[in-house]
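Structure, as structure tokens:
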Amino acid sequence: MHLFIHNSFHAGDVALTRLLIATLQETFPELELTLECRPCYRYLWEDFGLPIVPYEGSDHTTTDPTPNCPPDAFFINAWFGLYDDILTAFSLTYPNNVYSFNRQMKTYDPEGKYKLSVPDVTPALQFPAQAKLPVPITENSILIENGKPRSRQSKFPINDYLEYLAKSFPKFIFYCTSKPPCHAPNLIDCSSLNLIQLSELSNHCRALITLCSGVNAVTYTEANRFKPRCFMGLTLPLRVWDDIANPVYQAHNIKDITDFLNNLETAKPDKTRSHRISGFDPAKMCKFLKSRSEIEDCSRYLYDHDYISHALPCKNWEIAHILADLQDGNLLDMGSTDSYILKNAVLKRTKGLKYGIDLRKPDHHDPEITYLVGDLLAVPLPDGYFQYITCLSVIEHEVDIQSFAAEASRLLANGGKLYVTFDYWTPKIMTDLKLYGLAWKPLDDWDVQLLQYACEAHNLQLIDDIDWSLGEAVIRPGYYSPHPQIAYTFGMLVFEKML
Numbered sequence: 000m001h002l003f004i005h006n007s008f009h010a011g012d013v014a015l016t017r018l019l020i021a022t023l024q025e026t027f028p029e030l031e032l033t034l035e036c037r038p039c040y041r042y043l044w045e046d047f048g049l050p051i052v053p054y055e056g057s058d059h060t061t062t063d064p065t066p067n068c069p070p071d072a073f074f075i076n077a078w079f080g081l082y083d084d085i086l087t088a089f090s091l092t093y094p095n096n097v098y099s100f101n102r103q104m105k106t107y108d109p110e111g112k113y114k115l116s117v118p119d120v121t122p123a124l125q126f127p128a129q130a131k132l133p134v135p136i137t138e139n140s141i142l143i144e145n146g147k148p149r150s151r152q153s154k155f156p157i158n159d160y161l162e163y164l165a166k167s168f169p170k171f172i173f174y175c176t177s178k179p180p181c182h183a184p185n186l187i188d189c190s191s192l193n194l195i196q197l198s199e200l201s202n203h204c205r206a207l208i209t210l211c212s213g214v215n216a217v218t219y220t221e222a223n224r225f226k227p228r229c230f231m232g233l234t235l236p237l238r239v240w241d242d243i244a245n246p247v248y249q250a251h252n253i254k255d256i257t258d259f260l261n262n263l264e265t266a267k268p269d270k271t272r273s274h275r276i277s278g279f280d281p282a283k284m285c286k287f288l289k290s291r292s293e294i295e296d297c298s299r300y301l302y303d304h305d306y307i308s309h310a311l312p313c314k315n316w317e318i319a320h321i322l323a324d325l326q327d328g329n330l331l332d333m334g335s336t337d338s339y340i341l342k343n344a345v346l347k348r349t350k351g352l353k354y355g356i357d358l359r360k361p362d363h364h365d366p367e368i369t370y371l372v373g374d375l376l377a378v379p380l381p382d383g384y385f386q387y388i389t390c391l392s393v394i395e396h397e398v399d400i401q402s403f404a405a406e407a408s409r410l411l412a413n414g415g416k417l418y419v420t421f422d423y424w425t426p427k428i429m430t431d432l433k434l435y436g437l438a439w440k441p442l443d444d445w446d447v448q449l450l451q452y453a454c455e456a457h458n459l460q461l462i463d464d465i466d467w468s469l470g471e472a473v474i475r476p477g478y479y480s481p482h483p484q485i486a487y488t489f490g491m492l493v494f495e496k497m498l
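Residue numbers (numbering that gives the first Met the number 0): 0 to 498.
Put into structure tokens, the structure is as follows:
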């Protein structure tokens, strides 16, 4: 099936449509997707690697196909205001995306094969990481949206008060999204940054003050999930990317904004929440994901330590455990396309060479990472070259376990570590579903033991005993499962290369 995904509205609408596109790619990889937006917003979607057709008009408000829609494609309008009842119920939130998509798909897909579910946790946007921003990022930074919003949700004259705020709060550095009308040492002009760069900048800020426009939309990343967020002068009853664990502060006048900043100034900048969830224990590495609370706690760990979170928050469970253990040394990620391990190793400036190998090139090439295209069972590098090897959710995709263990052992230096994660459930899940063009065969108890024995035969010993205890099948329909009827969880094993 070929879907033609269209959004010709404001930058915020186009940015928030990213998650619908990402979800379709992840959930239904067999779908052919073509995208259509206004040329000025094309860059907000380019990292998907999908065909993008420029739309020369604007504000297409119906389900009628645009002239660019090919005859073999089904037209999907991803504008948030397409259906009044859905907009009233869900405003600018991900459920609006999902329910609008599902309603349109009923015409094309009456059996509901491509029906999407709404996850329990509000998803976050993920943009390509910026290796270096053209402005310095300092402590006590505040992103403040001071440009004119494209839509009518706010007319708050924040520029009239910028000089007052700069003088009243000299400890804060205000990163202004448009050129400020006055000069002060703590007012930084960020008008040259595009929305993806502003998103990356926001990830490093302590708080966000916005007019609920396009700038606000691109700040809905995992790194910003629990940050103080202030909407200025919102005149419409909008809800934007809701997170009940972190409600938005509404400012209707300058006093409200100063109260927000005063509270921020007296609060400890330690990124704490009103409650914490215990479950992240990096001291125990050979185990299985037991509950969603573990995912939230791992996401919290990544946020607290300024790591980049995964576009699919459920994957934060594995990357948080690995990053907490990772130290300096040459690093290889097997199955590395869009690798969050490599991204974070670059971000944290860990010492050592960084390599990735996969069957295709990454969508975005980081100059500090050497990407190899090829078979992970035949890596063209010397013996003992790496102190760390990661292989995340790969071996369930047609990987020969014996050959994998032999190659990983060959590449590891003595004392080096191999981190392997995988989809898992017992009894064995049998499915013909393919992901990324490869068969998908989640491991069961017998497969995990075979992996352990194969590694031990090549001098790779588990760093601790496997904790076989299970909780719920955490990954389930409506919560990141790629299949509408399959539930499972994640497993992780860590090996050390012995003499």
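Built from N, CA and C at the ideal position, the CB exists for glycine as well.
Can you tell me which of the options puts its alpha carbon nearest to the alpha carbon of residue i?
| i | options | result |
| --- | --- | --- |
| residue 485 | 464, 440, 462, 463 | 440 |
| residue 64 | 5, 113, 146, 11 | 5 |
| residue 379 | 401, 80, 196, 354 | 354 |
| residue 203 | 182, 121, 172 | 172 |
| residue 51 | 61, 57, 67, 207 | 67 |
| residue 367 | 80, 349, 384 | 349 |
| residue 327 | 307, 1, 351 | 351 |
| residue 309 | 123, 23, 105, 53 | 123 |
| residue 222 | 126, 265, 175, 264 | 126 |
| residue 495 | 387, 229, 82 | 387 |
| residue 43 | 15, 69, 304 | 15 |
| residue 225 | 302, 18, 467 | 302 |
| residue 475 | 3, 55, 115, 85 | 115 |
| residue 442 | 455, 435, 428 | 428 |
Does DSSP put residue i in a helix, in a strand, or in coil?
| i | result |
| --- | --- |
| residue 320 | helix |
| residue 255 | helix |
| residue 286 | strand |
| residue 72 | coil |
| residue 348 | coil |
| residue 492 | strand |
| residue 277 | For residue 277, the predicted model reports a pLDDT of 43, less than 50, meaning its position is unreliable and no value from the coordinates is stated. |
| residue 45 | helix |
| residue 474 | strand |
| residue 17 | helix |
| residue 132 | coil |
| residue 376 | coil |
| residue 113 | coil |
| residue 499 | Residue 499 cannot be examined here, being either before or after the span of the chain that is shown, 0 to 498. |
| residue 298 | helix |
| residue 272 | At residue 272, the pLDDT of 41 sits below 50, so the modelled position is not reliable; the number obtained from the coordinates is stated separately. Here residue 272 sits in coil by DSSP. |
| residue 11 | helix |
| residue 484 | coil |
| residue 497 | coil |
| residue 266 | coil |
| residue 54 | coil |
| residue 250 | strand |
| residue 147 | coil |
Can residue i and residue j be called in contact, C-beta distance under 7 angstroms?
| i | j | result |
| --- | --- | --- |
| residue 470 | residue 289 | yes |
| residue 231 | residue 168 | no |
| residue 389 | residue 357 | no |
| residue 7 | residue 59 | yes |
| residue 490 | residue 393 | no |
| residue 153 | residue 211 | yes |
| residue 181 | residue 199 | no |
| residue 120 | residue 97 | no |
| residue 142 | residue 207 | yes |
| residue 306 | residue 245 | no |
| residue 90 | residue 233 | no |
| residue 178 | residue 190 | yes |
| residue 241 | residue 281 | no |
| residue 446 | residue 425 | no |
| residue 194 | residue 217 | yes |
| residue 9 | residue 213 | yes |
| residue 313 | residue 479 | yes |
| residue 395 | residue 431 | no |
Please determine whether the Cβ atom of residue i lies at a distance below 6 angstroms from any heavy atom of the ligand ADP.
| i | result |
| --- | --- |
| residue 101 | Ligands in the displayed structure: none, and consequently the ligand ADP is not present. |
Pop quiz: residue i and residue j are said to be a contact at Cβ under 8 angstroms. What is the actual Cβ separation, rounded to whole angstroms?
| i | j | result |
| --- | --- | --- |
| residue 450 | residue 492 | 7 angstroms |
| residue 397 | residue 438 | 5 angstroms |
| residue 297 | residue 316 | 5 angstroms |
| residue 400 | residue 453 | 5 angstroms |
| residue 25 | residue 1 | Incorrect: roughly 18 angstroms between the Cβ atoms, too far for contact. |
| residue 18 | residue 77 | Incorrect: roughly 10 angstroms between the Cβ atoms, too far for contact. |
| residue 166 | residue 264 | Rounded, the Cβ-Cβ distance is 14 angstroms, inconsistent with contact. |
| residue 259 | residue 250 | 6 angstroms |
Quiz item: In chain order, which beta strand (DSSP E) runs of at least 3 residues are fully inside the stretch 396-449?
Solution: Taking only runs of at least 3 residues, the beta strand (DSSP E) segments lying wholly in the stretch 396-449 are 411-423.
Quiz item: Can you give, in chain order, each stretch of the alpha helix (DSSP H) that sits fully within the stretch 57-102 and has at least 4 residues?
Solution: Within the stretch 57-102, the complete alpha helix (DSSP H) runs of at least 4 residues fall at 83-89.
Quiz item: Can you list the beta strand (DSSP E) stretches of 3 or more residues lying completely in the stretch 161-207, in chain order?
Solution: Here the runs fully enclosed are 172-175, 186-188.
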